[in-house]
Ligand SMILES: Cc1cc2nc3c(=O)[nH]c(=O)nc-3n(C[C@H](O)[C@H](O)[C@H](O)COP(=O)(O)OP(=O)(O)OC[C@H]3O[C@@H](n4cnc5c(N)ncnc54)[C@H](O)[C@@H]3O)c2cc1C
């Protein structure tokens with residue numbers, strides 16, 4: 078047993094993973110969490126018997142850290158069909174597995190998405206990235222994803238019809254400015270694994286991590302105002318003197334004294350509707366390439382996991398990447414767009430709830446996937462974790478939590 082007073086700030090995925098590692102080394106950490114539950118940005122809310130993930134998120138089964146920390150079987154992962162259905166007004170077509178078996182795509186269908194050369198290039202990219210080591214991906218020349226796709230010779234047609242809506246829905250930004258390294262990593266994850274959700278909602282992921290903790294105490298509703306050296310100043314006015322601290326959230330929230338510059342985030346608006354039945358009727362992501370639309374992508378979550386609905390009605394999750402802060406009647410406009418895309422009257426889509434998520438993903442300038450343990454150290458006894466250290470993903474959140482814990486533990490190993 079290690080009697081040092083170790084505090085972790087934040088009970089998101091990175092904080093929970095840090096606690097798991099500290100426990101393994103004999104520590105009894107305390108997590109200070111501003112909210113009233115674990116999970117951070119991964120939350121699932123029950124509304125009228127539906128499970129609403131707060132923001133459409135998926136777990137990529139190829140994430141190396143997820144394979145290490147999660148028991149996929151116990152999560153009862155429900156797998157998305159690879160590929161996408163593309164919705165244009167008056168035209169709907171499926172692109173089967175473009176990131177894994179591009180050559181298998183039926184030429185007639187593919188001709189609606191891209192050119193013959195695109196198909197060959199997609200095949201080459203899949204072949205190269207499936208076996209490219211993560212270290213090599215994250216040390217490749219960095220450019221924006223859009224520049225990368227153009228450099229690889231992809232046509233404007235396939236970029237518009239497939240790459241843009243698909244990766245906008247992942248990066249949560251409209252211009253595909255996200256690093257090409259992140260693009261390669263995510264492309265690889267799709268090429269060698271599957272997109273999935275736990276049967277009972279994304280929140281099962283932090284819950285499973287939490288269930289591995291036996292010697293960690295969590296103090297909820299405990300907002301840290303700031304940290305000075307190893308003193309933690311709470312909003313309540315209380316001050317805690319710690320031996321070591323892991324800050325498992327964005328640093329600007331607690332380091333008043335450091336000049337960290339303004340943090341940047343990617344935002345998303347996620348709307349939920351219920352319907353009597355799904356008009357897609359398969360577990361697949363649907364894309365809307367027409368940029369006049371507010372809707373970028375949508376999915377009937379009940380086509381992926383029936384447990385997202387208590388009574389058999391269908392649950393539709395719609396993602397809007399555009400800034401809609403000044404849009405009035407958003408729910409009505411989105412329902413009208415769904416009508417234009419599906420031919421089903423807008424009144425059929427019963428609005429359940431809308432989540433505006435301004436800080437969904439950190440806009441990371443130096444996207445990477447590994448972290449020398451010493452880089453997690455802010456100063457003596459204080460360490461940093463969180464997806465912002467690497468890239469906006471569950472995999473990165475897990476890596477950062479592990480690395481911060483390793484740095485802390487390593488500081489006492491002689
Ligand atoms: C809409 C959306 C879609 C996403 N899609 C995907 C996806 O498809 N695939 C994927 O891999 N990843 C996705 N992500 C990213 C993934 O959810 C995050 O990378 C991950 O959850 C981040 O975990 P974290 O521990 O770094 O931070 P957080 O989850 O933000 O946890 C930080 C915790 O610290 C607490 N906290 C903050 N400040 C204080 C304070 N001052 N005092 C006390 N506590 C504090 C917060 O309440 C929170 O619980 C998505 C995220 C969102 C929001």
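Numbering (the numbering used here), first residue to last: 78 to 491.
Don't be surprised by glycine CBs; every beta carbon is placed ideally from N, CA and C.
Fair warning: this is a prediction, and the values are worked out from it, not measured in the lab.
*Top-ranked residue by Cα proximity to residue 189, from 237, 210, 204, 218*: 237
*Check whether the stretch 263 to 283 touches the stretch 139 to 151, counting contact only when three or more Cβ pairs, one atom from each stretch, lie closer than 8 angstroms.*
yes
_So residue 125 and residue 429 are supposed to be a Cβ contact under 8 angstroms. How far apart are they, rounded?_
6 angstroms
*Which class does residue 352 belong to by DSSP, given the choice of helix, strand or coil?*
strand
*asked:* Rounded to whole angstroms, what is the Cα-Cα separation between residue 154 and residue 275?
replied: 4 angstroms
_Quick check on residue 123: buried or exposed, where buried means 16 or more other Cβ atoms within 10 Å of its Cβ?_
exposed
*Could you name each continuous alpha helix (DSSP H) segment of 4 residues or more that falls completely within the stretch 372 to 447, going from the start of the chain to the end?*
378 to 381, 407 to 419
_For residue 463, the three-state DSSP class (helix, strand or coil)_ = coil
_Using only CA atoms, which one of 234, 379, 258, 300 lies nearest to residue 212?_
258
*Going by Cα to Cα distance, which pick from 402, 193, 320, 304 is closest to residue 433?*
402
*Quick one: what's got a C-beta closer than 7 angstroms to residue 331's C-beta in the same chain, skipping five residues either side?*
86, 301, 303, 304, 324
*Leaving out five residues on either side along the sequence, give the residues of the same chain with a beta carbon under 6 angstroms from the beta carbon of residue 103.*
78, 79
*Can you give me the start and stop residues for the alpha helix (DSSP H) that residue 200 sits inside?*
193 to 208
*On the three-state DSSP scale, how would you describe residue 278?*
coil
*According to the neighbour-count rule (16 or more other Cβ atoms, all chains shown, within 10 Å of its Cβ), is residue 131 buried or exposed?*
buried
_Those runs of the beta strand (DSSP E) which lie wholly inside the stretch 244 to 297 and span at least 3 residues_ = 272 to 275, 294 to 296
*Are three or more beta carbon pairs between the stretch 341 to 349 and the stretch 215 to 232 nearer than 8 angstroms?*
no
_Cutoff 8 angstroms; reference residue 162; Cβ partners in own chain excluding five residues on either side_ = 169, 170, 171, 172, 357, 359, 361, 362, 363, 364
*Just to confirm, does residue 144 get its C-beta within under 7 angstroms of one of the non-hydrogen atoms of ligand 1?*
no
*CB contact flag (residue 379, residue 280, <8 angstroms)*: no
*Please go through the same chain and pick out, in chain order, the residues whose beta-carbon is closer than 8 angstroms to the beta-carbon of residue 219, but skip the five residues on each side of it.*
256, 257, 258, 444
*Are the beta-carbon atoms belonging to residue 474 and residue 95 less than 8 angstroms from one another?*
no
*Host alpha helix (DSSP H) of residue 91 (start-end)*: 90 to 101
*asked:* What does DSSP give as the partner residue(s) for residue 317 in the beta ladder?
replied: 309
*Identify every residue that forms a DSSP beta bridge with residue 145.*
Note: residue 145 sits in no beta bridge, so no partner.
*residue 293 vs residue 307 beta-carbon contact at 8 angstroms*: no
*DSSP state of residue 225, grouped into three classes?*
helix
*With respect to 7 angstroms, is the separation between the Cβ of residue 471 and the closest non-hydrogen atom of ligand 1 below this value?*
yes
*For residue 204, count neighbouring C-beta atoms within 10 Å of its own C-beta (all shown protein chains included) and say buried if the count is 16 or more, exposed if not.*
exposed
*asked:* Can you tell me where the beta strand (DSSP E) holding residue 85 begins and where it ends?
replied: 83 to 86
*Could you give the distance in angstroms between the alpha-carbon of residue 322 and the alpha-carbon of residue 446?*
23 angstroms
*Tell me where the beta strand (DSSP E) around residue 484 begins and ends.*
Segment 471 to 487 is the alpha helix (DSSP H) holding residue 484; no beta strand (DSSP E) there.
*Give a yes or no on whether the C-beta atoms belonging to residue 354 and residue 107 are separated by under 8 angstroms.*
no
*Where does residue 171 sit, in a helix, a strand or coil, going by DSSP?*
strand
*asked:* So for residue 115, helix, strand or coil by DSSP?
replied: coil
*By how many angstroms is the C-alpha of residue 418 removed from the C-alpha of residue 247?*
21 angstroms
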